[in-house]
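See structure below.
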Amino acid sequence: MPRGPAGAWVALCPLLWTCGLALEGGMLYPRESPSRERKDLGGLWSFRADLSDSRRQGFEQQWYRAPLRESGPTLDMPVPSSFNDVGQDRQLRSFVGWVWYEREATLPQRWSQDPGTRVVLRIGSAHYYAIVWVNGVHVAEHEGGHLPFEADISKLVQSGPLSSCRITLAINNTLTPHTLPPGTIVYKTDTSKYPKGYFVQNTYFDFFNYAGLHRPVLLYTTPTTYIDDITVTTGVDQDTGLVDYQIFVQGSEHFQLEVYLLDEEGKVVAQGIGGRGRLQVPNAHLWWPYLMHEHPAYLYSLEVRLTAQMATGPVSDFYTLPVGIRTVAVTERQFLINGKPFYFHGVNKHEDADIRGKGFDWPLLVKDFNLLRWLGANAFRTSHYPYAEEVMQLCDRYGIVVIDESPGVGIMLVQSYSNVSLQHHLEVMGELVRRDKNHPSVVMWSVANEPTSFLKPAAYYFKTLIAHTKALDPSRPVTFVTNSNYEADLGAPYVDVICVNSYYSWYHDYGHMEVIQLQLATEFENWYRTYQKPIIQSEYGAETIAGFHQDPPLMFSEEYQKGLLEQYHLVLDQKRKEYVVGELIWNFADFMTDQSPQRAVGNRKGIFTRQRQPKAAAFLLRERYWKLANETGHHRSAAKSQCLENSPFAL
Ligand code: GCB
């Protein structure tokens, strides 16, 4: 089915775009095990942007048929990374259309010769639309830049004498009213102002549309009969932890499954057989958020062992899944984790950094988690798209609670509420839940950020989307993040928690911090009176250029950011005694945006700079968050056990 306005698409896309494929199979994170190997394809790839006017030259000349260097000049491109900021070429930085990536992979001999081995190519994320070939043969297509996809390439790599294969990807970063996030291509036809064929891409969100292979690309193996998916949900009955599991197997109907739950010492605490069941763990260690318990983030390991009798002999597959036992519930005024009130004190983030753009990077990730823990933050929202799986794994390990957001940001246009758009959004929620359902750190799904939820079609759109998400995962609450007026918001009746963004004294009443308390308190009261649901202040903040000082405070100075935050905190401190259950600062760090007169080389609302150095507001928040943690009465031992002696409240 063609997608988007024909003019824009015909010019930029060689193929008719299909409505995303229905979900087939699982998306377990590729882990090594006695039956599984993996090979990371990170490093330098060959790269070329298709600069032809039509952007179709690569397809017309079938660049995937032969090594890319044979069809023209190539650049070295690091993977994972965005392609935009690694070069000195202005055209490439803002390029819209198809780019081509290619690399050769040498396979261990067994992978290409053993018919009992299944070889899978897995792309962590390719923004936005990707087509994949192996040795010139089309193996996969995927829409959406923030979720993984795979192709079983066993037949291809096992069909000849070659022990290497050539992997080619064409990736298009064009956004349409039906993509997530949406965008539009606008042709500038006034030839007195623009050259012929001139177009720009407009987006309706406030971050740079970085593109490329943003996350690890891997090859991994399983046996041909294999554990395809595992779903775990947990509960607690008195002191007993309950672990409900369901396992999906592919490749054979005749198999046995054994499951073992191991504690952190490696001791088996429960076991079961078969594809579904309930494990009971007496005196279970619960998964607690950071600073809520002296031993937060307790993870068990669920070892799944598959054995199958094949014509060729017995086959085994092993997969180990980390499991945190915890419960989540929402009442009229509270967000409960393990039955205890949880207050979100944390941040909104972006996947964003110098040079690599949205490219996954371990040092950056570890630095960010160290900063979060230094800050005393216990939560973040994956504004405004799903983050890398490795991020979610660290959240599980450190006890950082996550509001897991879809890429539904910038849903503004009426076309973006069409059935085509809704259908795609439903599929994306399916992909997101499939990927992240087993993370104990994920406590709520956010289906969108700041849609025009006052428009008439929003009512049906959000009703359907939220019901669908709850059907996919009945174990977690669902929200979307609003900046609409409480009376006009047509989606609010369907959410479990009201997440509100506001920028008092920033986007209006410039400089007048004295009005914040009145305006914020009134807003909270209105939302709560209307819906009787707990509220999270899901964004607030002020643009601040590190090193700008003004006292009395003026906008853009560090003093203004601090002052504005303090005004918010006064109201939050009153309302958190009633129904406000969280506060997430906008933003953790400065980040890149499109160019505009409102943005001085990106959005500067970070409490850290883009290089992760603290502004004055970071120290203010640090003091506040550790004080909030102190109120739970658990943080002292938690801080001690995690060697955070330099916290303001360290023993
Ligand atoms: C918002 C958006 C966020 C922006 C922020 C801002 O409401 O959700 O994406 O970056 O405001 O700084 O304007």
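Quick note, the sequence shown lines up with residues -22 to -1, 1 to 629 if you use mature numbering (1 follows the signal peptide of the UniProt record, and there is no 0).
We put the beta carbon where it would ideally sit given N, CA and C, even for glycine.
All figures in this text were calculated on a predicted structure; none of them were measured in a lab.
Sort Glu82, Leu29 and Arg81 by Cα distance to Gln69 and report the nearest one. To locate residue 69, count along the sequence shown from 1; it is residue 91. Distances from the CA of Gln69 to each of Glu82, Leu29 and Arg81 were compared; the closest alpha carbon is that of Leu29.
Answer with yes or no whether the minimum CB distance from Tyr238 to chain B is below 7 angstroms. In summary, chain B is missing from the structure at hand, where a single protein chain is found.
Suppose you measure from the CA of Asp18 to the CA of Asn427; what does that come to, to the nearest Å? Mapped onto the sequence shown, residue 18 falls at position 40. Mapped onto the sequence shown, residue 427 falls at position 449. Those two C-alpha atoms are separated by around 33 angstroms.
Contacting residues, own chain, Cβ-Cβ under 6 angstroms from Val493 (five flanking each side not counted): Stepping through the sequence shown from its first residue, residue 493 is reached at position 515. So the qualifying residues of the chain are Asp487.
Among all the DSSP beta bridges, which residues are the ones paired with residue 639? A query on residue 639 cannot be resolved here, the shown segment of the chain reaching from -22 to 629 and no further.
Report the option in Lys166, His124 and Ile145 whose CA atom is closest to the CA atom of Asn151. The sequence position of residue 151 within the sequence shown is 173, counting from 1. The residue with the shortest Cα to Cα distance from Asn151 is His124.
Could you say if the segment 80 to 90 and the segment 164 to 181 meet the contact criterion of at least three C-beta pairs nearer than 8 angstroms? no
Kindly give me the distance between the Cβ atoms of Ser419 and Cys373, rounded to whole angstroms, as I take these residues to be in contact under 8 angstroms. Translated into positions along the sequence shown, residue 419 becomes position 441. Translated into positions along the sequence shown, residue 373 becomes position 395. Right, their Cβ atoms sit about 4 angstroms apart.
Mind checking who residue 700 pairs with in its DSSP beta bridge? With the chain covering only -22 through 629, there is no way to say anything about residue 700.
Taking only the alpha-carbon atoms, compute the straight-line gap between Glu609 and Pro319 and give it to the nearest angstrom. If you number the sequence shown from 1, residue 609 lands on position 631. If you number the sequence shown from 1, residue 319 lands on position 341. Distance between the alpha carbons of Glu609 and Pro319: 12 angstroms.
Could you check what DSSP says for Ala108 in three-state terms: helix, strand or coil? Position 130 of the sequence shown, counting from 1, holds the residue named residue 108. If DSSP states are grouped into helix, strand and coil, Ala108 belongs with the strands.
With a cut-off of 8 angstroms, do at least 3 Cβ pairs link the segment 320 to 329 to the segment 352 to 359? yes
Using beta-carbon positions only, say whether Leu269 and Ala596 come within less than 7 angstroms of one another. As a position in the sequence shown, residue 269 is number 291, starting the count at 1. As a position in the sequence shown, residue 596 is number 618, starting the count at 1. Not closer than 7 angstroms, so no.
Hey, is Glu517 close to the ligand GCB, as in C-beta under 6 angstroms from one of its heavy atoms? Against the sequence shown, residue 517 aligns to sequence position 539. Because some heavy atom of the ligand GCB lies under 6 angstroms away, the Cβ of Glu517 counts as near it: yes.
Which residue wins for smallest C-alpha separation from His490, given the options Ser141, Asn565 and Tyr546? In the sequence shown, the residue the question calls residue 490 occupies position 512. Looking at the Cα atoms, Tyr546 is the closest of the given residues.
Inter-residue spacing [alpha-carbon to alpha-carbon] between Phe186 and Glu310: In the sequence shown, counting from the first residue as 1, residue 186 sits at position 208. In the sequence shown, counting from the first residue as 1, residue 310 sits at position 332. Their Cα atoms are separated by approximately 37 angstroms.
Closer than 8 angstroms by C-beta to Pro364: which residues in its own chain qualify, once you throw out the five before and the five after it? Chain order, please. Within the sequence shown, numbered from 1, the residue matching residue 364 stands at position 386. Cβ within range, chain order: His124, Leu125, Asp382, Glu383, Ser384, Pro385, Leu410, Arg413 and Asp414.
What is the residue span of the beta strand (DSSP E) that Gly560 lies within? For the purposes of this step, residue 560 is taken as residue 582 along the sequence shown, with counting starting at 1. Per DSSP, Gly560 belongs to the beta strand (DSSP E) from Val558 to Ile563.
Around the Cβ of Asn397, are there at least 16 other Cβ atoms within 10 angstroms (buried) or fewer (exposed)? Mapped onto the sequence shown, residue 397 falls at position 419. Flag for Asn397 reads exposed.
How many Å lie between Gly469 and Ser394 at the Cα? Numbered from its first residue, the sequence shown carries residue 469 at position 491. Numbered from its first residue, the sequence shown carries residue 394 at position 416. In a straight line, the C-alpha of Gly469 is about 15 angstroms away from that of Ser394.
Secondary structure at Asp551, three-state DSSP: helix, strand or coil? As a position in the sequence shown, residue 551 is number 573, starting the count at 1. It is helical.
Straight-line CA distance for Tyr42 to Thr203? Sequence index remark: in the sequence shown, residue 42 carries index 64 (1-based). Sequence index remark: in the sequence shown, residue 203 carries index 225 (1-based). Rounded to the nearest angstrom, the two C-alpha atoms are 31 angstroms apart.
Counting only the same chain and skipping the five closest in sequence on each side, list residues whose C-beta sits under 8 angstroms from that of Glu501. Against the sequence shown, residue 501 aligns to sequence position 523. Result list for Glu501: Tyr464, Val478 and Ser480, in chain order.
Which of helix, strand or coil DSSP assigns to Phe183: In the sequence shown, the residue the question calls residue 183 occupies position 205. Coil, per DSSP.
Mind checking who Leu280 pairs with in its DSSP beta bridge? Numbered from its first residue, the sequence shown carries residue 280 at position 302. Bridge partners of Leu280: Leu239 and Leu299.
Own chain partners of Pro8 with C-beta closer than 8 angstroms, once the 5 adjacent residues on each side are dropped: By one-based count along the sequence shown, residue 8 stands at place 30. Around Pro8: Arg14, Arg16, Val98, Arg100, Leu196 and Tyr198.
Let me check one thing: in DSSP terms, what residues is Leu196 bridge-paired to? To locate residue 196, count along the sequence shown from 1; it is residue 218. DSSP, once it has assigned bridges, lists Asp18 and Arg100 as partnering Leu196.
Whose C-beta lies closer than 6 angstroms to the C-beta of Ala594 among residues of the same chain, with five residues either side of it excluded? Position 616 of the sequence shown, counted from the start, is the residue given in the question as residue 594. Same-chain partners within the cutoff: Glu536 and Lys540.
Please tell me whether, using a cut-off of 6 angstroms, the distance from the CB of Asp330 to the nearest non-hydrogen atom of the ligand GCB is below it. Stepping through the sequence shown from its first residue, residue 330 is reached at position 352. Every heavy atom of the ligand GCB is 6 angstroms or more from the Cβ of Asp330, so no.
Since Tyr506 is in the alpha helix (DSSP H), which residue starts that stretch and which ends it? Within the sequence shown, the letter at position 528 stands for residue 506. Start and end: Ile494 to Tyr509.
Between Val259 and Gln249, which are expected to be in contact by the criterion C-beta below 8 angstroms, what is the C-beta distance as a whole number of angstroms? For the purposes of this step, residue 259 is identified with residue 281 of the sequence shown, where counting begins at 1. For the purposes of this step, residue 249 is identified with residue 271 of the sequence shown, where counting begins at 1. 11 angstroms between Cβ atoms; not a contact.
Beta carbon of Val115 nearer than 7 angstroms to that of Ala129: By 1-based counting over the sequence shown, the position of residue 115 is 137. By 1-based counting over the sequence shown, the position of residue 129 is 151. Not in contact: Val115 and Ala129 (Cβ atoms no closer than 7 angstroms).
Could you please give me the residues that DSSP links to Pro292 through a beta bridge? Counting from 1 along the sequence shown, the entry for residue 292 is found at position 314. Looking at the DSSP assignment, Pro292 forms a beta bridge with Gln287.
Among Leu550, Ala524, Pro471 and Thr508, the one whose alpha carbon lies nearest that of Ala499: Position 521 of the sequence shown, counted from the start, is the residue given in the question as residue 499. Comparing Cα-Cα distances from Ala499 to each of Leu550, Ala524, Pro471 and Thr508, the minimum goes to Leu550.
I'd like to confirm the pairing. Which residues does DSSP put opposite Asp207 in its beta bridges? Here residue 207 corresponds to residue number 229 of the sequence shown, with the count starting at 1. In DSSP, Asp207 forms a bridge with Phe226.
Hey, quick one: how far does the beta strand (DSSP E) through Asn261 stretch, first residue to last? As a position in the sequence shown, residue 261 is number 283, starting the count at 1. Counting along the chain, Asn261 falls outside any beta strand (DSSP E), and DSSP gives it neither H nor E.
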